[in-house]
Amino acid sequence: MGEFIILKRTCLYFFVFFLVYSSVYGPRVEAWSKEGHAMTCKIAQNLLEPEAAHAVQMLLPDYVNGDLSALCVWPDQVRHWYTYRWTSPLHFIDTPDKACNFKYERDCYDTHGGKDMCVAGAIQNFTNQLSHYRHGTSDRRHNMTEALLFLAHFMGDIHQPMHVGFTSDEGGNTINLRWFRHKSNLHHVWDREIILTAAADYYGKDTSLLQQDIEGNFTDGIWTDDLSSWRDCDNMFTCVNKYAAESINIACKWGYKGVESGNTLSDDYFDSRLSLVMKRIAQGGVRLAMILNRIFGDGQQQEDLMAAT
Ligand SMILES: [Zn+2]
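The sequence shown begins at 646 in the working numbering and counts up one residue at a time.
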């Protein structure tokens with residue numbers, strides 16, 4: 646009898662664990678890994694001008710000691726909480742299979758048809774919210790903190806190519822395969838596997854060294870000449886469309902290409918995609934800094950950024 650109760654209780658524990666686990670990790674995992682998001686945010690924070698750096702500092706809670714990257718993954722941690730469940734569709738965009746392009750009006754809605762409910766719409770929304778920072782009263786500051794964290798996170802997500810993927814495979818999430826010797830899926834390969842393999846193979850598992858290499862490539866390296874075009878942004882509507890279009894383009898040419906369920910991806914795939922992953926993290930960081938510098942910088946730049954959105 647006693648054993649039966651223990652067994653029943655054990656089953657119950659497993660069941661509860663399963664429910665919690667599946668609500669946290671399934672059915673769809675959407676984000677650069679925490680490493681990818683942290684690098685994006687560190688790169689951005691290193692590029693902030695004094696006014697923006699100060700505003701970010703003021704918005705962050707004290708316990709992170711001014712380090713934006715410590716909270717960049719926060720939107721992924723809360724997206725299954727009841728209060729934040731509405732933010733779940735904001736981490737990605739589903740585009741029609743094989744279309745290999747992004748059209749805001751066609752693609753930026755959630756499964757219930759909610760307009761602007763995708764990562765491109767979210768970036769516009771939170772940029773717009775933050776642009777009222779100067780006029781905010783103290784009780785609005787709390788929402789401004791959340792707006793900053795969402796913007797920082799979603800600027801990372803929109804640059805992860807598989808976050809602007811095909812609808813039927815959920816951005817590669819349902820394409821199960823092997824990454825070298827372990828089980829993974831195509832979405833996760835771009836979220837995390839490539840970054841972790843690079844960190845292990847070349848940087849002694851230290852992602853801050855990988856981040857320094859990424860920064861070196863645009864401060865004095867192969868992407869230096871591209872920096873001003875990355876930052877080019879007349880208004881947020883045009884800009885988010887560009888970022889999403891770049892991602893689906895890379896997803897088609899490099900993400901999905903030649904990959905089928907059941908494949909094993911290893912050296913060839915890793916070697917030919919690593920520089921793209923590094924570049925997208927760089928672009929996410931550089932552009933996040935551009936937006937924050939304009940929001941918190943002089944008023945005219947802020948108005949230009951939000952014009953026509
Ligand atoms: Zn995300």
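All residues carry an ideal CB built from backbone N, CA and C; glycine is no exception.
Practice item. Note the first and the last residue of the continuous beta strand (DSSP E) segment covering aspartate 739. Key: Here the question's residue 739 lines up with position 94 in the sequence shown. Residues 738-740.
Review point. Apart from the five residues on each side of it in sequence, which residues of its chain come closer than 7 Å, Cβ to Cβ, to phenylalanine 958?
Key: The chain is shown only over 646 to 954; residue 958 falls outside these bounds and no answer can be derived.
Check your understanding: At a cut of 8 Å, does the segment 836-847 reach the segment 912-923 through at least three beta carbon pairs?
Key -> By the Cβ criterion, the segment 836-847 is in contact with the segment 912-923, since at least three pairs of Cβ atoms, one from each stretch, lie closer than 8 Å.
Check your understanding: Relative to ligand 1, is the shortest distance from any of its heavy atoms to the C-beta of aspartate 755 smaller than 6 Å?
Key -> For the purposes of this step, residue 755 is taken as residue 110 along the sequence shown, with counting starting at 1. No, since every heavy atom of ligand 1 falls outside the 6 Å radius drawn around the Cβ of aspartate 755.
Practice item. Could I get the ranges of all uninterrupted alpha helix (DSSP H) runs contained in the segment 866-953, with 4 residues as the minimum, in chain order? Key: Whole alpha helix (DSSP H) segments, 4+ residues: 872-876, 881-895, 912-941 and 944-951.
Review point. Which ranges would you report for the alpha helix (DSSP H) in the segment 710-758 if only whole runs of at least 4 residues count?
Key: As far as the segment 710-758 is concerned, its whole alpha helix (DSSP H) runs of at least 4 residues are 719-723 and 749-752.
Review point. Between the segment 847-856 and the segment 762-774, do three or more beta carbon pairs fall short of 8 Å?
Key: No, the segment 847-856 does not touch the segment 762-774.
Practice item. Would you tell me roughly how many angstroms separate the C-alpha atoms of glutamate 891 and proline 741, rounded to the nearest one? Key: Counted from its first residue, the sequence shown places residue 891 at position 246. Counted from its first residue, the sequence shown places residue 741 at position 96. For the pair glutamate 891 and proline 741, the Cα-to-Cα distance works out to about 16 Å.
**Study point:** aspartate 739 versus glycine 907: straight-line alpha-carbon distance, rounded
**Key:** For the purposes of this step, residue 739 is taken as residue 94 along the sequence shown, with counting starting at 1. For the purposes of this step, residue 907 is taken as residue 262 along the sequence shown, with counting starting at 1. Rounded to whole angstroms, the separation of the alpha carbons of glycine 907 and aspartate 739 is 23 Å.
Point to revise | Spatial neighbours of leucine 856 in its chain, beta-carbon cut-off 7 Å, leaving aside the 5 residues before and after | key: The count along the sequence shown starts at 1 and reaches residue 856 at position 211. Leucine is not the amino acid found at residue 856; the sequence shown has glutamine there. Cβ within range, chain order: Met684, Lys687 and Ile688.
Point to revise | Validate contact between the segment 762-771 and the segment 907-916 using beta carbons, cut 8 Å, 3 pairs | key: A contact is defined here as three or more CB-CB pairs under 8 Å, and the segment 762-771 fails this definition with respect to the segment 907-916.
**Study point:** Whole-angstrom distance between histidine 736 and glycine 630, CA atom to CA atom
**Key:** No information on residue 630 is available, as it lies outside the stretch 646 to 954 that the chain covers here.
Practice item. Compare the beta carbon distance of alanine 700 and phenylalanine 941 with 7 Å and say whether it is the shorter of the two. Key: Within the sequence shown, the letter at position 55 stands for residue 700. Within the sequence shown, the letter at position 296 stands for residue 941. Contact: yes.
Exercise for review: My understanding is that glycine 816 touches histidine 827, with C-beta atoms under 8 Å, so please give their C-beta distance in whole angstroms.
Suggested key: Mapped onto the sequence shown, residue 816 falls at position 171. Mapped onto the sequence shown, residue 827 falls at position 182. Taking a contact as a CB-CB distance under 8 Å, the pair glycine 816 and histidine 827 does not count as one, their CB atoms being some 20 Å apart.
Review point. Using a threshold of 6 Å, is the CB atom of aspartate 721 nearer than that to any non-hydrogen atom of ligand 1?
Key: Counting from 1 along the sequence shown, the entry for residue 721 is found at position 76. Aspartate 721: yes, Cβ under 6 Å from ligand 1.
Exercise for review: Would you mind stating whether histidine 808 and aspartate 802 have Cβ atoms separated by less than 7 Å?
Suggested key: Within the sequence shown, the letter at position 163 stands for residue 808. Within the sequence shown, the letter at position 157 stands for residue 802. Taking the C-beta atoms as reference points, aspartate 802 is found nearer than 7 Å to histidine 808.
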